[in-house]
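Quick note: the sequence shown, position 100, residue 100 per the UniProt record's numbering, numbers continuous. Each residue gets a CB set at the ideal place from its N, CA and C atoms; glycine is no exception. Because the structure is a prediction, the values reported are computed rather than measured.
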Amino acid sequence: MSLFAKVEMAPRDPILGLSEQFNADPNPKKVNLGVGVYYDDNGKLPLLACVAQAEKQMVEAPKARGYLPIDGIAAYDKAVQGLVFGADSEVVKGGRVATVQAVGGTGGLKIGADFLKRLNPAAKVLISDPSWENHRALFTNAGFPVDAYPYYDAERRGVAFDAMLAALGQADAGTIVVLHACCHNPTGYDITPAQWQQVIDVVKSRGLVPFLDMAYQGFGQGIAEDGAVVQQFLAAGIDFFVSTSFSKSFSLYGERVGALSVVCSSAEEAGRVLSQLKIVIRTNYSNPPTHGAQVVATVLTTPELRRMWEEELAGMRARIKLMRTALVDKLTAAGFKGDLSYITRQQGMFSYSGLNKDQMVRLRNEFGVYGVDSGRICVAALNSHNIDAVAAAMAAVA
Ligand code: PMP
């Protein structure tokens, strides 16, 4: 019998499977709103000018590519700390944050998960219901039992905050709580600063371990505004984890640029934590790749390029907001009944449209509009050329 005779076929990734179906669809008017990618108004993946410029500088002064240190490019890690915590923050200046370069935001989550498993093998993990589809699988694969806390309130179109808080209030000490720092994927609904404070109070009083997943900083209200929750956690004086992704904010999806930061109680503790994070990295992939992190470090540390990046990111943010208001207007014009204000209350790339699975299947089969069966559509893939057709299709199935 062959070695692999008993290997079962794994299920297809639901979102990538949707893209395969989209690619095979001959409909010339098809629209892919299933992906988690920002496209410009011409439906193209943008190459940010700040990125192109940083790469030009790198090509003009070519360097040999040696191995990076296990924790990545030092200037990159420092720039990440500046962005996430503030370069002048007491924790950064005091050396209390251990930051490592990671292979995308996913890599940051995975390094954190593996480290936490060694730290507290008996811990449980709580993710939001619903959450980014990889959270459960990633923490399960790291060896944790994964449960969910209530998050989405379908009836009220928002966050089921009381239920969320109650669930956290019953979690055992040491439970790892994965929280979306901003632009919740998939619902688009975020909690308010006052609600964050209540979450922080519960996390602190019950001794939970907060893990902030920050994959969309700058896509909601602004870089500082979206990062404000980190300041609230800092003010509470608790230890916590932050994973960072630059996939979206730099449109560098394929370069796999991310980071993990762990806020510790002292510089000495951060040193020990860093040494353990390095073991996790060393035994997984030895050390990270150079190019993407070098681009991001160059942009973040060169004032002119940084200004360009902030403007380009603001442009992406503004275009998404424009698409949200345009979608509301066009759905209303198309006779869509009911309150649509939730579309502009949501933040970031996604919208839980409120459509059910049957309606999403009809959208796909009858109109070539591809969204996720949960009702999630990527607002960042709408543009002035496809939005009329999408609104008409949504109104037709609703
Ligand atoms: N967390 C969330 C909530 C995400 O939506 C994503 C990407 N879609 C990630 C993490 C992973 O980011 P990356 O692609 O940089 O690994």
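Cα separation between residue i and residue j?
i, j, result
"K110", "A215", "14 Å"
"G169", "I200", "11 Å"
"L363", "R118", "46 Å"
"V84", "V97", "11 Å"
"N386", "V31", "7 Å"
"G194", "P46", "It is Ala, not Gly, that sits at residue 194 in the sequence shown. One C-alpha to the other measures close to 35 Å."
"G66", "T344", "47 Å"
"L340", "V328", "6 Å"
"G36", "V296", "21 Å"
"Q232", "N284", "33 Å"
"V397", "I281", "48 Å"
"T99", "D239", "13 Å"
"A122", "D147", "14 Å"
"S261", "A236", "17 Å"
"R256", "G17", "21 Å"
"G43", "S19", "15 Å"
"L313", "L116", "33 Å"
Tell me, to the nearest whole angstrom, how far the beta carbon of residue i is from that of residue j; I am working on the premise that it is less than 8 Å.
i, j, result
"A173", "A142", "Actually they are not in contact, since the Cβ atoms of A173 and A142 sit about 20 Å apart, beyond 8 Å."
"T290", "L68", "6 Å"
"G375", "L33", "The Cβ separation is near 11 Å, so there is no contact."
"F350", "A395", "Not really, about 20 Å apart at Cβ, beyond 8 Å."
"D71", "L277", "7 Å"
"L126", "T187", "With a Cβ gap of about 17 Å, L126 and T187 do not count as contacting."
"V177", "L208", "5 Å"
"A267", "G94", "6 Å"
Report yes or no: is there a C-beta of chain B within less than 8 Å of the C-beta of residue i?
i, result
"D339", "Annotation note: the requested chain B is absent from the structure, which comprises a single protein chain."
On the DSSP bridge assignment, give the partners of residue i in chain order.
i, result
"A102", "G258"
"I377", "S351"
"V263", "V97 and F240"
At least 3 beta-carbon pairs within less than 8 Å: the region 99-115 vs the region 230-245: yes
Length-filtered (3 minimum) beta strand (DSSP E) runs lying within the region 316-371: Complete beta strand (DSSP E) runs here, min 3: 350-352.
Would you call the region 364-378 and the region 15-35 in contact, with 3 or more CB pairs under 8 Å? Short answer: they touch.
Counting only runs of 3+ residues fully inside the region 169-244, write out the beta strand (DSSP E) ranges in chain order. 176-180 and 209-214
Completely contained beta strand (DSSP E) runs for the region 119-173, where each covers 3 or more residues: 125-129 and 146-150
Within the region 25-99, note down every full alpha helix (DSSP H) run reaching 4 residues or more, in order along the chain. 49-60, 74-85 and 90-93
Pairs of beta-carbons, one from the region 376-385 and one from the region 223-234, closer than 8 Å: are there three or more? no
At a cut of 8 Å, does the region 254-274 reach the region 127-135 through at least three beta carbon pairs? With the rule of 3 Cβ pairs closer than 8 Å, the region 254-274 does not count as touching the region 127-135.
Contact the region 145-164 vs the region 308-327: 3+ CB pairs below 8 Å: no
Which residue spans inside the region 269-325 form an unbroken alpha helix (DSSP H) run of at least 4? 291-301
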